[in-house]
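Asks:
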Amino acid sequence: MHPQRGEVRVRGRSVVGRPVAQVCREVGYLPQNPNALLFADTVQEELTITLRNHGLLERPPVPPEALLARLGLAGVAEAYPRDLSVGQRQRVALAAITVTRPPLLLLDEPTRGLDYRAKETLARLLQEWRDEGVGVLLATHDVELVARLADRVALLEAGRIRVQGPPAQVLGPASPFAPQIVRLFPGYGWLTPEEVRL
Numbered sequence: 000m001h002p003q004r005g006e007v008r009v010r011g012r013s014v015v016g017r018p019v020a021q022v023c024r025e026v027g028y029l030p031q032n033p034n035a036l037l038f039a040d041t042v043q044e045e046l047t048i049t050l051r052n053h054g055l056l057e058r059p060p061v062p063p064e065a066l067l068a069r070l071g072l073a074g075v076a077e078a079y080p081r082d083l084s085v086g087q088r089q090r091v092a093l094a095a096i097t098v099t100r101p102p103l104l105l106l107d108e109p110t111r112g113l114d115y116r117a118k119e120t121l122a123r124l125l126q127e128w129r130d131e132g133v134g135v136l137l138a139t140h141d142v143e144l145v146a147r148l149a150d151r152v153a154l155l156e157a158g159r160i161r162v163q164g165p166p167a168q169v170l171g172p173a174s175p176f177a178p179q180i181v182r183l184f185p186g187y188g189w190l191t192p193e194e195v196r197l
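In terms of numbering that gives the first Met the number 0, the sequence shown is residues 0 to 197.
1) Going by Cα to Cα distance, which pick from G27, T99, T139 and E57 is closest to A149?
2) Please state whether DSSP places Y187 in a helix, a strand or coil.
3) Hey, how far is the Cα of V42 from the Cα of V135?
4) Buried or exposed for G27, going by 16 or more other Cβ atoms inside 10 Å?
5) Which same chain residues end up closer than 7 Å to G132 when comparing Cβ atoms and leaving out the 5 residues on each side of it in sequence?
6) What are the start and end residues of the beta strand (DSSP E) that includes Q163?
7) Taking all protein chains shown into account, decide if I160 is buried (16 or more other Cβ within 10 angstroms of its Cβ) or exposed.
8) Under 8 Å, with one C-beta from each stretch per pair, do the region 87-102 and the region 43-51 reach the 3-pair mark?
9) For the candidate residues V85, P60, K118 and V15, whose alpha-carbon lies nearest to that of L70?
10) In angstroms with no decimal places, state the Cα-to-Cα distance between L155 and V145.
11) Report yes if the CB atom of V85 is closer than 9 Å to the CB atom of G54, and no otherwise.
12) Tell me the residue span of the beta strand (DSSP E) that contains L55.
13) Is Q87 buried or exposed, if buried means 16 or more other CB atoms sit within 10 Å of its CB?
14) State the start and end residues of the unbroken beta strand (DSSP E) segment that holds A78.
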C-alpha cells in the first residue's frame with residue numbers, strides 16, 4: 000500500500016510495505032457506497048465471510064446475531080443483501096466491518112440512507128465503541144452527528160483542511176456549517192439537542 004502523497008500510519012506504523020490483510024485486521028473501512036462490500040448470498044453470510052477471513056469464525060469477538068439485532072437487521076439475516084434498502088445495506092456493511100472489532104474505523108458518510116431511528120442506533124454504537132477505545136474517523140456532511148460525537152473536527156474544501164479544532168469552535172455560530180440547534184439558538188453555546196436545558 001502506497002499513499003499518493005504524505006504518509007499513512009495506522010496505530011503508529013506506516014502502511015507502506017505491510018500486507019493489506021494485516022492492515023485490514025486493524026482498520027474497518029465503510030465506503031460511501033455499501034454495495035462495494037456486499038457480495039454474499041445472505042446478510043448472515045456477509046458477517047461469516049468476514050470472520051472467516053480474519054480467522055475469527057470459531058471465536059467471534061462480537062456475536063454476529065447480537066450485532067445484527069443491535070443494528071435492526073435480525074429479521075433480514077437470511078435476505079440477499081442487494082435486495083435491501085439503501086439504509087439496510089449501509090447497516091449490513093457496517094456490521095460486516097465491525098463484527099471483527101477492529102481498533103480503528105474509517106467511515107465514509109455512515110448515515111447515508113439511514114432513517115432517524117437507524118441514525119440514533121448508529122450514534123449510540125459509535126459512542127460505545129469510542130468509549131471502549133475504538134478510534135473512529137468520520138467523513139460526513141452530517142454536522143449533527145459530528146457535533147454529537149466528534150472530539151476534533153476538520154472541515155475540508157478542495158482537498159485541503161480549511162479549519163480544524165474542537166467541535167464548539169469549528170461548528171459554532173460563526174460557522175457556515177453550524178448544526179441546526181446552533182442556528183436556532185446562537186447565543187446559548189449548545190451544539191446538540193441533548194445539551195438544551197430549558
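Every residue gets a Cβ at the ideal spot worked out from N, C-alpha and C, and that includes glycine. The model shown is predicted, which means the values in this text are computed figures rather than measured ones.
Replies: Let me lay it out:
1) When only C-alpha atoms are compared, the closest one is T139.
2) Under the three-state reduction of DSSP, Y187 is assigned to coil, being neither helix nor strand.
3) Their Cα atoms are separated by approximately 24 Å.
4) By the neighbour-count criterion, in which a residue is buried when 16 or more other Cβ atoms sit within 10 angstroms of its Cβ, G27 is buried.
5) Contacts found: none.
6) First-last of the beta strand (DSSP E) with Q163: R159 to G164.
7) So I160 counts as exposed.
8) The region 87-102, when compared against the region 43-51, does touch it at the 8 Å Cβ threshold.
9) Closest option to L70, Cα to Cα, is K118.
10) The C-alpha of V145 is placed about 14 Å away from the C-alpha of L155.
11) The Cβ atoms of V85 and G54 do not sit closer than 9 Å to each other.
12) No beta strand (DSSP E) holds L55; DSSP gives it neither H nor E.
13) Around the beta carbon of Q87, a 10 Å sphere encloses 16 or more other beta carbons of the protein chains shown; the residue is thus reported as buried.
14) Premise fails: A78 is in no beta strand (DSSP E) and is neither H nor E.
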